[in-house]
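Start counting at 1 in the sequence shown, then tack on 446, and there's your number in my numbering. Beta carbons: idealized from backbone N, C-alpha and C, even for Gly. Report on the structure given below.
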Amino acid sequence: MAAKLKKGDKIVVLTGKDKGKEGTIASVNPKTGKAIVEGVNIAIRHVKQSQNNQGGRVPQAMPIQLSNLALIDSNGKATRVGFKMDGDKKVRFAKTTGDVI
Numbered sequence: 447m448a449a450k451l452k453k454g455d456k457i458v459v460l461t462g463k464d465k466g467k468e469g470t471i472a473s474v475n476p477k478t479g480k481a482i483v484e485g486v487n488i489a490i491r492h493v494k495q496s497q498n499n500q501g502g503r504v505p506q507a508m509p510i511q512l513s514n515l516a517l518i519d520s521n522g523k524a525t526r527v528g529f530k531m532d533g534d535k536k537v538r539f540a541k542t543t544g545d546v547i
């Protein structure tokens with residue numbers, strides 16, 4: 447099935463502790479249905495010191511469920527994603543505005 451959300455998309459979080467936060471998708475794992483979004487769902491990881499690394503408490507973005515994310519349309523609002531044929535090519539479009547993404 448085609449991906450509704452892809453790497454580099456501007457999104458907004460719909461539910462959870464980070465509700466309302468906006469960010470950009472850094473990576474998507476379609477097998478688990480999760481994505482890593484920059485600046486969202488931050489957890490503190492304790493990293494051991496090494497020769498190259500200072501170590502200590504390092505903030506790290508953790509995966510978040512794709513169903514809790516929505517794409518931001520050209521108006522800056524959350525929108526659902528649909529698919530349509532543009533000539534002989536399948537494209538994504540925003541359901542609120544109808545614009546091709």
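- Under DSSP, Thr525 forms a beta bridge with Leu517.
- Beta-carbon to beta-carbon, Val486 and Ile518 are separated by about 13 Å, too far to satisfy the 8 Å threshold.
- Around the beta carbon of Ile490, fewer than 16 other beta carbons lie within 10 angstroms, which makes this residue exposed.
- In terms of CA proximity to Pro476, Ala449 leads the group Gly544, Gln506, Ala449 and Arg538.
- By the Cβ-count criterion, Thr478 is exposed, with fewer than 16 other Cβ atoms from all chains shown falling within 10 Å of its own Cβ.
- Per DSSP, Ile547 has no beta-bridge partner at all.
- The C-beta of Thr525 has 16 or more other C-beta atoms within 10 Å across all chains shown, which makes the residue buried.
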